[in-house]
Each structure stands twice: as structure tokens, then as C-alpha cells.
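Residue numbering for the sequence shown follows our numbering, starting at 11 and increasing by one per position. From the three backbone atoms N, C-alpha and C, an ideal C-beta is built for every residue, glycine too.
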Amino acid sequence: MSVAVEFRNVTKAFGPVRVLHGVGFALQPGRVYGLLGENGAGKSTLMKILAGYESPTTGEVVVDGAVRAPGGGSRAAEAQGIVLIHQEFNLADDLTIAQNVFLGHEIRKGLFLDDKAMREKTRQALAQVGLPLDPDTRVKKLIVAEKQLVEIARALARNARLLIMDEPTATLTPGETERLFALMAELKAAGVTIIYISHKLDEVERTTDEVVVMRDGLLVAREPTASVTRRQMANLMVGRELADLFPAKLPAPAGEPILQVRGLTVPGWAQDVDFEVRRGEILGFAGLVGAGRTELFEGLLGLRPRSAGTVELAGKAVQLKSPRDAARHGLTYLSEDRKGKGLHVHFSLRPNLTLMALERYAKPWLNPAAEQAALRDAVQEFGIRTGSLDVRASSLSGGNQQKLALAKVLHPGPSVVVLDEPTRGVDVGAKREIYHLVQRLAAQGLAVIVISSELMELIGLCHRVAVMRAGRLQTTLQEPHLTEEELIVHATGTR
Ligand SMILES: Nc1ncnc2c1ncn2[C@@H]1O[C@H](COP(=O)(O)OP(=O)(O)OP(=O)(O)O)[C@@H](O)[C@H]1O
Ligand SMILES: [Mg+2]
11 MSVAVEFRNV TKAFGPVRVL HGVGFALQPG RVYGLLGENG AGKSTLMKIL AGYESPTTGE
71 VVVDGAVRAP GGGSRAAEAQ GIVLIHQEFN LADDLTIAQN VFLGHEIRKG LFLDDKAMRE
131 KTRQALAQVG LPLDPDTRVK KLIVAEKQLV EIARALARNA RLLIMDEPTA TLTPGETERL
191 FALMAELKAA GVTIIYISHK LDEVERTTDE VVVMRDGLLV AREPTASVTR RQMANLMVGR
251 ELADLFPAKL PAPAGEPILQ VRGLTVPGWA QDVDFEVRRG EILGFAGLVG AGRTELFEGL
311 LGLRPRSAGT VELAGKAVQL KSPRDAARHG LTYLSEDRKG KGLHVHFSLR PNLTLMALER
371 YAKPWLNPAA EQAALRDAVQ EFGIRTGSLD VRASSLSGGN QQKLALAKVL HPGPSVVVLD
431 EPTRGVDVGA KREIYHLVQR LAAQGLAVIV ISSELMELIG LCHRVAVMRA GRLQTTLQEP
491 HLTEEELIVH ATGTR
């Protein structure tokens with residue numbers, strides 16, 4: 011069952027850009043490792059090499075004492091029991107869940123595909139991760155958290171001996187996360203080695219035996235988890251002492267609301283929701299996944315049908331038809347689904363930044379030089395780590411894609427911005443920068459709405475926090491009621 015793995019002096023270059031500089035370490039079977047590092051440190055790249063999705067430029071991966079032959083791809087790695095759960099989902103949207111789970115590993119009966127067996131195995135794996143969906147459901151119908159669980163089910167159905175999880179809980183509810191942790195404990199007891207990549211250091215502390223820290227493409231530390239504090243983990247990642255995560259709060263602004271929403275109803279998701287936000291205000295939205303927060307705002311932006319409600323922006327009634335239309339009215343939205351609805355990952359960085367503000371560059375023809383200058387500024391301002399400005403968005407690390415998505419929604423110069431899970435996949439240092447950025451924007455008079463599953467983020471950053479449960483806005487909390495306990499009580503409806 012158990013598998014022994016070793017990296018020997020692994021380097022990786024993409025063209026002229028070197029991202030791994032000679033990584034060497036061995037993993038013991040049946041242990042849980044936390045792999046830590048800043049955005050762009052090389053975690054996902056190293057794990058893609060281990061799982062066969064990339065080959066090392068130089069160096070070797072040794073599995074059970076034998077050097078792995080080059081060129082086998084992910085299938086050869088999976089045959090060795092090494093399975094990666096991707097950070098950026100790798101599912102085929104048009105296929106069903108069962109087809110995705112068995113893609114490339116179809117079960118056959120003679121010459122034919124054994125659909126029945128595959129469906130049944132898929133059903134079992136889905137039950138294991140607590141997702142009671144029909145295996146015939148098409149993946150494009152799923153919400154982000156469900157896609158994440160399907161990725162995990164897919165790995166389970168492959169009988170992994172070494173399971174790599176690249177930020178698996180970024181989109182899960184606390185309940186789903188707990189279930190995943192229980193599953194990890196079961197797998198560990200069965201001898202499976204687990205590598206767990208996460209920027210949520212509390213989870214790393216709870217679930218791992220050892221932490222391995224990468225910085226700038228090198229391994230810089232390896233410690234038993236029990237011997238380091240969270241603060242020490244963070245400092246090891248960034249290589250210096252980190253200052254306080256949140257900026258001091260500014261006083262709540264007075265004045266007329268810039269955005270006022272009354273009776274907004276998004277059928278099936280949100281019922282009769284009222285809220286408003288002022289210039290300079292940071293308004294949070296808390297709630298469990300499925301509470302309807304994302305869908306409420308998708309309805310507001312015209313991405314989903316609304317059946318009732320009025321929206322006023324700067325005192326003027328508007329009917330927003332699309333995110334682009336909303337941007338013209340001064341409201342932009344950062345989607346929680348950055349690969350699906352946020353970025354065009356197969357495009358280069360430049361159009362990704364400027365797409366919603368193209369009018370600015372069309373006088374009357376597009377001015378690529380001005381766009382390129384804007385890109386250079388954004389990369390600087392948002393600390394986007396990239397080897398070159400001329401790469402596709404898909405080649406950025408997960409956290410750096412998130413920073414690009416953030417730059418994109420701020421680029422049109424909105425007066426209201428809605429940020430749905432703005433720090434998802436972002437490292438502690440960059441999180442701190444985003445919090446300070448949000449506050450600077452608010453200080454300049456922007457109204458900021460933050461939807462987040464991280465209660466500490468809402469408490470640390472927001473003037474007020476609206477809490478949704480089952481499609482209804484339950485209450486809006488402010489100091490001194492802005493506490494974890496009160497947020498949980500209203501989000502879950504239990505005491
Ligand atoms: N296909 C590629 N082409 C060019 N550069 C790439 C490619 N894939 C990764 N990189 C670069 O390699 C570096 C390491 O990226 P990687 O995805 O491994 O980081 P990471 O540690 O997983 O970060 P995060 O925490 O943001 O997920 C980044 O600078 C990234 O831009
Ligand atoms: Mg990554």
C-alpha cells in the first residue's frame with residue numbers, strides 16, 4: 011500500500027524562466043505533509059512534476075526506489091498510485107460526473123464501456139465525500155464547491171497511495187471541510203501518504219504531521235508541525251517577520267448610500283433582500299456556502315434572472331443587464347470562480363486586465379502601448395509575480411491569477427466593487443496587501459462589498475457585515491456585535 015517518494019535535485023524552467031532551483035527531499039509513507047510557500051513559490055509546479063503533469067528540466071523523481079522514466083505523463087504516475095487533486099479544476103465541463111471520474115481510466119466489459127459499473131463506483135466515491143449527486147449530472151451544472159468535491163471523488167476512485175491536494179478547502183463549507191479532514195484521517199490510517207497544500211495555516215496545523223516550506227523555487231525548511239507556531243510558518247514562508255494582517259479600521263462613513271437594493275429576489279436563491287452601502291464603506295456578506303450570497307450578486311448583475319427588486323446606483327434606478335453593463339454604471343464584480351467567470355485564462359495578461367475598460371483605450375482605435383503600460387503598472391501595484399508580461403494568464407500561479415482578477419475589476423475605476431472571496435488561494439503576505447488595498451480604496455471613497463467565508467477576514471476588515479441564510483438576509487451586524495459567535499449564530503440559525 012505505502013509508497014516511498016524522493017525528489018533528487020529537481021529543477022524546472024519554462025522557457026527562460028527558472029521556477030524550481032534544485033529541490034531535494036524524501037517523503038515517508040503514511041504521513042501527512044503540509045506544503046507551504048508564497049504565491050509563485052513553486053508548490054503546484056513541484057506537485058505537477060510528482061504527478062506526471064510536467065516533467066522536470068533536470069533532476070529525478072524516485073518512486074519506490076526506482077527513478078521514474080520520463081514521458082509517462084499523469085497516467086504513468088497514477089499507475090504508481092500518485093494522484094493530484096488540482097488547484098485550478100481540471101474537469102471537462104461538458105461531460106458527466108461519472109465520465110470525468112473515469113476519464114482515461116474507463117472500466118470496460120469486453121469491447122464496451124461498462125457504464126453501469128462506472129456509475130456505481132462514482133456513486134460510492136461521491137458518497138465518501140458527502141456529495142449525494144446523480145453521477146450523470148453534467149459538470150457544468152455544478153457550483154464551485156461541488157466541482158472541488160468531484161475532483162476529490164475522482165482521486166478516491168483511482169485508489170491513490172499518495173494523494174496530493176492543492177488547496178482543496180478553498181471553496182468548501184466548514185462542514186465539508188470537516189468531512190474532508192475525517193476522510194484524510196481514514197486514508198492516513200490506511201497507509202496513504204498525503205501532501206496538503208494550503209494557505210490556511212490553521213488547517214495545516216490541525217491536519218499535518220510535518221510542514222515543508224518552499225521559497226522562490228527552493229526548499230527552505232522542514233519541521234514537525236507540532237514544533238512550529240502558525241506565526242513561525244508564516245515567517246518561514248515570506249522569509250521575514252510579518253506585520254499585523256489587518257489595517258486599523260477607519261470610522262464608518264456617513265452620507266447617502268451609493269448603492270441601494272430593495273426587495274431583490276433571485277428565484278431559487280435569494281428572497282426579498284434589502285441592503286445599502288455608502289461611499290468609503292466596507293460591507294461584508296457572511297453565510298454558509300449555498301446561503302445565496304454569490305447568486306444574489308449574480309442576480310444583481312444580470313447573470314441570473316431576477317423576479318423582483320429595485321437597484322439604485324448614485325440615486326438613479328438601474329436595471330443591470332450584464333457585468334459589462336454594470337461596469338458602465340460604475341459597479342464591478344470579482345467572481346469567486348476565477349477560472350470560469352473571472353479570467354480568460356487562455357488569453358495573455360493584457361486583455362485580461364483591460365477587457366472591461368476597453369473604451370478607455372479606443373480613441374478610436376485600440377492603443378496597445380497604453381494597454382501594455384497599464385499592465386506594467388498593475389503588475390507592480392498588485393505584486394503579480396510573473397516571469398514575463400507576455401504569458402497567458404493560465405501560466406500564473408493560483409494566487410497570482412487571483413491578484414490579476416482583482417486588478418481587472420478595479421481597472422475600470424468603479425465606484426462600487428463587489429469582491430467574492432477576494433483572498434481565495436492567496437498567501438498570507440499577499441492577503442495582508444489585499445486588506446490594506448481594500449482599505450485604501452475605501453479611504454478614497456470607493457464602496458467595497460466583500461463576500462467571504464473567512465469570518466476573521468470579515469471581522470478584521472468590514473464596517474458592517476450582512477449575514478445571509480437560506481436566501482434571506484438575516485441581520486446586519488456591526489461593532490460591538492461583530493464577533494465570530496454572533497456571525498455563526500445568524501449564519502446557521504442555531505445557538
Ligand atoms: N506553464 C507555465 N509557463 C510559465 N510559467 C509558469 C508556468 N507554470 C508555472 N509558472 C510559473 O512558475 C512559478 C511557480 O508557480 P506555481 O504555480 O508552482 O506556484 P505556487 O507555489 O503553486 O503558488 P500559489 O500559492 O499561488 O498557487 C510562477 O512564477 C508561475 O508563474
Ligand atoms: Mg499553486
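| Query | Result |
| --- | --- |
| Top-ranked residue by Cα proximity to Glu391, from Leu416, Gly397, Ala372 and Glu346 | Leu416 |
| Cutoff 6 Å; reference Gln484; Cβ partners in own chain excluding five residues on either side | Val477 and His500 |
| Distance CB(Pro39)-CB(Ala14) smaller than 7 Å | yes |
| Val230 - containing beta strand (DSSP E), residue span | Leu228 to Pro234 |
| Among Asn100, Lys441 and Pro422, nearest to Gln412 - alpha-carbon criterion | Lys441 |
| Proximity test, Gly408 beta-carbon vs ligand 2 heavy atom, cut-off 6 Å | yes |
| For Glu286: DSSP bridge partner residues | Gln270 |
| Buried or exposed (CB count within 10 angstroms, at least 16 for buried), Ser463 | buried |
| Extent of the continuous alpha helix (DSSP H) run through Gln138 | Asp125 to Gln138 |
| Asp212 versus Arg240: straight-line alpha-carbon distance, rounded | 7 Å |
| Straight-line Cα distance separating Val202 from Asn19 | 25 Å |
| Arg250 versus Glu48, Gln90, Arg370 and Leu368, residue with shortest Cα-Cα distance | Glu48 |
| Every unbroken beta strand (DSSP E) within the stretch 324–384, with a cutoff of 3 residues, ordered by chain | 326–328 and 341–344 |
| Neighbourhood of Asp430 by C-beta distance below 8 Å, restricted to the same chain and skipping five residues each side | Arg303, Thr304, Phe307, Tyr343, Leu344, Ser345, Glu346 and Ile461 |
| One or two residues paired with Met224 in a DSSP bridge | Gly47 and Leu229 |
| Gln97 beta carbon near ligand 2 (any heavy atom closer than 6 Å) | yes |
| Cβ-Cβ distance between Glu177 and Gly503 below 7 Å | no |
| Start-end ranges of the alpha helix (DSSP H) lying completely within the stretch 378–417, minimum 4 residues | 378–391 |
| Residues near Thr320 in its chain [Cβ-Cβ closer than 7 Å; skip 5 each side] | Arg272, Gly273 and Ala327 |
| Within 7 Å, strictly: CB atoms of Val355 and Ala403 | yes |
| Short Cβ contact (7 Å threshold) for Arg479 with Ala301 | yes |
| Option nearest Leu166 by Cα separation, candidates Leu94, Gly265 and Leu456 | Leu94 |
| Exposed unless 16 or more other CB atoms sit within 10 angstroms - verdict on Leu37 | buried |
| DSSP beta-bridge partners of Gln488 | Arg474 |
| Residue-chain proximity (Leu94, chain B), Cβ-Cβ < 7 Å | Among the protein chains of the structure shown there is no chain B, as only one such chain exists. |
| Beta carbon of Val222 nearer than 7 Å to that of Leu420 | no |
| Own chain residues within Cβ distance below 8 Å of Glu156, not counting five before or after | Leu141 and Leu143 |
| Contact under 7 Å by Cβ, Leu363 with Ala380 | no |
| Near ligand 1: Gly290 beta-carbon under 6 Å from a heavy atom | no |
| Bounding residues of the alpha helix (DSSP H) (the contiguous stretch that carries Gly83) | Gly83 to Ala89 |
| Cβ distance (whole Å) where Leu359 is taken to contact Val401 below 8 Å | 7 Å |
| Ser358: CB within 6 Å of a non-hydrogen atom of ligand 2 | no |
| Length of the line joining the Cα atoms of Pro184 and Phe191 | 10 Å |
| Closer than 6 Å: Arg28 CB and nearest ligand 3 heavy atom | In the structure shown, ligand 3 is absent; the only ligands present are ligand 1 and ligand 2. |
| Touching by the beta-carbon criterion (3+ pairs, under 8 Å), the stretch 54–67 and the stretch 102–109 | no |
| Beta bridge counterpart(s) of Leu465 as assigned by DSSP | Beta-bridge pairing links Leu465 to no other residue. |
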